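K.L.:
Residue numbers (this note's numbering), protein chains in the order written: chain G, 4 to 179; chain S, 4 to 179.
Number of protein chains: 2
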Amino acid sequence: MLSNSRSAHQPHNHLRCINAALDRARDLCAQKNARLTPTRERVLNLIWQSHQPLGAYQLQEQLAKLSGKSIAPPTVYRAIEFLVNLGLVHRIPSLNAFIGCPFPNSAHSNLFMICQNCGSAAEATHSGLNDLLQSASNRAQFILKSQNLELFGLCLQCNTATTTNGEQVNHDYTND
Amino acid sequence: MLSNSRSAHQPHNHLRCINAALDRARDLCAQKNARLTPTRERVLNLIWQSHQPLGAYQLQEQLAKLSGKSIAPPTVYRAIEFLVNLGLVHRIPSLNAFIGCPFPNSAHSNLFMICQNCGSAAEATHSGLNDLLQSASNRAQFILKSQNLELFGLCLQCNTATTTNGEQVNHDYTND
DNA sequence: AATAATATGTTATGTTATAACATATTTAAT
DNA sequence: ATTAAATATGTTATAACATAACATATTATT
Ligand SMILES: [Zn+2]
Ligand SMILES: [Zn+2]
Ligand SMILES: [Zn+2]
Ligand SMILES: [Zn+2]
Numbered sequence: 004m005l006s007n008s009r010s011a012h013q014p015h016n017h018l019r020c021i022n023a024a025l026d027r028a029r030d031l032c033a034q035k036n037a038r039l040t041p042t043r044e045r046v047l048n049l050i051w052q053s054h055q056p057l058g059a060y061q062l063q064e065q066l067a068k069l070s071g072k073s074i075a076p077p078t079v080y081r082a083i084e085f086l087v088n089l090g091l092v093h094r095i096p097s098l099n100a101f102i103g104c105p106f107p108n109s110a111h112s113n114l115f116m117i118c119q120n121c122g123s124a125a126e127a128t129h130s131g132l133n134d135l136l137q138s139a140s141n142r143a144q145f146i147l148k149s150q151n152l153e154l155f156g157l158c159l160q161c162n163t164a165t166t167t168n169g170e171q172v173n174h175d176y177t178n179d
Numbered sequence: 004m005l006s007n008s009r010s011a012h013q014p015h016n017h018l019r020c021i022n023a024a025l026d027r028a029r030d031l032c033a034q035k036n037a038r039l040t041p042t043r044e045r046v047l048n049l050i051w052q053s054h055q056p057l058g059a060y061q062l063q064e065q066l067a068k069l070s071g072k073s074i075a076p077p078t079v080y081r082a083i084e085f086l087v088n089l090g091l092v093h094r095i096p097s098l099n100a101f102i103g104c105p106f107p108n109s110a111h112s113n114l115f116m117i118c119q120n121c122g123s124a125a126e127a128t129h130s131g132l133n134d135l136l137q138s139a140s141n142r143a144q145f146i147l148k149s150q151n152l153e154l155f156g157l158c159l160q161c162n163t164a165t166t167t168n169g170e171q172v173n174h175d176y177t178n179d
């Protein structure tokens, strides 16, 4: 099982996350002859500023600041589309938000663990899970092409805070 | 594994699906002292007219016809909210659409198999899957509260049509 | 019958996403 | 270098999905 739950859900040197992500992006784009333009790189950079999925209009706002000019939604969505197509970014449908992929070159489960308190999302790959979903699909005679697996709950940080404080700062990152 | 993939993805007597769903709803509402008002029952009925998840504004339109008067979005969303809270209906986030639950009283995996060609969605419960996700969560020290598992692909019908015709009627029910 | 609780109606607006077409920039071909 | 083609971005408008806030109506309880 490949996962970034440690870094996504716990204190860590996040600059390394950002730099690694940008390096991977440059590599992948070079390799695929895709153009990582300033706008696209800025969007990727913004998405990687945290482990919390970011909405398109939050991105728009921050991109405008970063670019020193106003940015229209299509610009943001185009950059996102580019990054998603390359596998550098994932959309999390239940949040209408986007998150950087920590391992764009690896096999995927598209499994996300989303903290309902702090909003951070970790991604994990799990071949056993993929196998199980494949066999369930086979039994249903369903030709599996892709998947989106969202787990909602509390990350270690937020759960610890809850149980020690008795009280919880609720940021309402939830789908219920 | 409990699943409605047979009926969702293959020809069947759908009136039985509808009637069974309405019966279950009446039972559950009686049991929980919840009021299945005409609006709510109509919405549930409309959702159960097919195995394809229905959007709120499609519902609005059809509910207006059925009610003989114009209906505003809040009315639809309120009815949906009621039904979702009772577990009679699920929202499928990647489709922004709603589908009837075939087994509201059973344990859930919230696992959906969504045909990208015809748009129909089957639901399945799978305790092995739930166990696996629970243990993956444990390993990540993630407190699992709920989940949404979406599989995209081709149902038997559509896959058969594809492979026999060589050509496929593409209705573009897709998330990619 | 009066009160409280629940449900619906109504208007307005917030939020997310895309269509359509114009312009600019980069790449490839001549 | 010049032209042509392909790619990327700018711009305007609008589509699609969802909720806030407050008024009215209906149902249940006292
Ligand atoms: Zn990090
Ligand atoms: Zn990923
Ligand atoms: Zn049916
Ligand atoms: Zn269900």
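Every residue gets a Cβ at the ideal spot worked out from N, C-alpha and C, and that includes glycine.
Predicted, not measured: the structure shown is a model, and the values here were computed from it.
Starting from the N-terminal side, write out each stretch of the beta strand (DSSP E) that is 3 residues or longer and does not extend beyond the segment 66-102 of chain S.
P.N.:
92-95
K.L.:
In chain order, what are the residues with a CB under 7 Å from some non-hydrogen atom of ligand 1?
P.N.:
G:SER10, G:ALA11, G:HIS15, G:HIS17, G:CYS20 and G:HIS54
K.L.:
Within the present structure, is the beta-carbon of HIS129 (chain G) separated from the nearest heavy atom of ligand 2 by less than 8 Å?
P.N.:
Translated into positions along the first sequence, residue 129 (chain G) becomes position 126. Result no, Cβ not under 8 Å from ligand 2.
K.L.:
Check the Cβ of LEU157 (chain S) against every Cβ in chain G and list those closer than 9 Å, keeping chain order.
P.N.:
Taking the second sequence and counting its residues from 1, one reaches residue 157 (chain S) at position 154. By Cβ distance, chain G contributes PHE145, ILE146, LEU147 and LYS148.
K.L.:
Is PHE122 (chain S) near ligand 4, in the sense that its beta carbon is under 8 Å from a heavy atom of that ligand?
P.N.:
The residue given as residue 122 (chain S) occupies position 119 in the second sequence. The question names Phe, yet the displayed sequence has Gly at residue 122 (chain S). No.
K.L.:
When the Cα of HIS17 (chain S) is compared with those of S:ASN36, S:GLN55 and S:LEU98, which residue comes out closest?
P.N.:
Mapped onto the second sequence, residue 17 (chain S) falls at position 14. If we check each option's Cα against that of HIS17 (chain S), S:GLN55 comes out closest.
K.L.:
Would you report the Cα separation of LEU91 (chain S) and PHE106 (chain S), rounded to the nearest angstrom?
P.N.:
For the purposes of this step, residue 91 (chain S) is identified with residue 88 of the second sequence, where counting begins at 1. For the purposes of this step, residue 106 (chain S) is identified with residue 103 of the second sequence, where counting begins at 1. Looking at the two C-alpha atoms, the distance is approximately 8 Å.
K.L.:
Can you pull the chain S residues whose beta carbon is under 9 Å from the beta carbon of HIS15 (chain G), in chain order?
P.N.:
Translated into positions along the first sequence, residue 15 (chain G) becomes position 12. Residues of chain S passing the Cβ test: none, with the nearest at roughly 14 Å.
K.L.:
Below 8 Å on the Cβ atoms is my guess for MET4 (chain S) versus ALA139 (chain G); work out the distance and round it to an integer in Å.
P.N.:
For the purposes of this step, residue 4 (chain S) is identified with residue 1 of the second sequence, where counting begins at 1. For the purposes of this step, residue 139 (chain G) is identified with residue 136 of the first sequence, where counting begins at 1. Rounded, the Cβ-Cβ distance is 7 Å, consistent with contact.
K.L.:
Could you tell me whether the Cβ atoms of LEU159 (chain S) and PHE145 (chain G) are closer together than 9 Å?
P.N.:
The count along the second sequence starts at 1 and reaches residue 159 (chain S) at position 156. The count along the first sequence starts at 1 and reaches residue 145 (chain G) at position 142. Yes, they are a contact pair.
K.L.:
Any heavy atom of ligand 4 closer than 8 Å to the CB of PHE106 (chain S)?
P.N.:
Working through the second sequence from its first residue, we reach residue 106 (chain S) at position 103. It does: the Cβ of PHE106 (chain S) is within 8 Å (strictly closer) of some heavy atom of ligand 4.
K.L.:
Is ARG81 (chain G) close to chain S, meaning its C-beta is less than 9 Å from at least one C-beta of that chain?
P.N.:
The residue you call residue 81 (chain G) lines up with position 78 of the first sequence. No, no contact with chain S.
K.L.:
Within 9 Å of any Cβ in chain G, is that where the Cβ of PRO96 (chain S) sits?
P.N.:
Counted from its first residue, the second sequence places residue 96 (chain S) at position 93. So, interface residue.
K.L.:
Tell me the start and end of each unbroken beta strand (DSSP E) in the segment 121-159 of chain G that is at least 3 residues and wholly inside, in chain order.
P.N.:
124-128 and 146-157
K.L.:
Between THR165 (chain G) and LEU136 (chain S), what straight-line distance do the alpha-carbon atoms span, to the nearest angstrom?
P.N.:
The residue you call residue 165 (chain G) lines up with position 162 of the first sequence. The residue you call residue 136 (chain S) lines up with position 133 of the second sequence. Each residue's alpha carbon lies about 23 Å from the other.
K.L.:
For SER51 (chain S) and SER97 (chain G), I'd like the C-alpha separation in whole angstroms.
P.N.:
Sequence index remark: in the second sequence, residue 51 (chain S) carries index 48 (1-based). Sequence index remark: in the first sequence, residue 97 (chain G) carries index 94 (1-based). Here the sequence assigns Trp to residue 51 (chain S), which means Ser is not the residue at that position. If you take the alpha carbons of TRP51 (chain S) and SER97 (chain G), they lie about 23 Å apart.
K.L.:
Relative to chain S, which residues along the segment 113-137 of chain G have a C-beta separation below 7 Å, given in chain order?
P.N.:
MET116, GLN119, ALA125, ALA127, HIS129, GLY131, LEU132, LEU135 and LEU136
K.L.:
Just checking ASN113 (chain G) against ligand 2 - is the residue's beta carbon closer than 8 Å to any of the ligand's heavy atoms?
P.N.:
Residue 113 (chain G) sits at position 110 when you count from the first residue of the first sequence. True, at least one ligand heavy atom lies under 8 Å from that Cβ.
K.L.:
Run the proximity test for GLU153 (chain S): is its beta-carbon closer than 8 Å to any non-hydrogen atom belonging to ligand 2?
P.N.:
Residue mapping note: residue 153 (chain S) aligns to position 150 of the second sequence, counting from 1. Set against 8 Å, the gap from the CB of GLU153 (chain S) to the closest heavy atom of ligand 2 is not smaller.
K.L.:
Report back the beta-carbon spacing between SER8 (chain S) and ALA143 (chain G) to the nearest angstrom; my notes put them in contact at under 8 Å.
P.N.:
Translated into the one-based positions of the second sequence, residue 8 (chain S) becomes position 5. Translated into the one-based positions of the first sequence, residue 143 (chain G) becomes position 140. SER8 (chain S) to ALA143 (chain G), Cβ: 4 Å. Contact.
K.L.:
For ASN141 (chain S) and chain G, any beta-carbon pair shorter than 9 Å?
P.N.:
By one-based count along the second sequence, residue 141 (chain S) stands at place 138. So no, ASN141 (chain S) is outside the interface.
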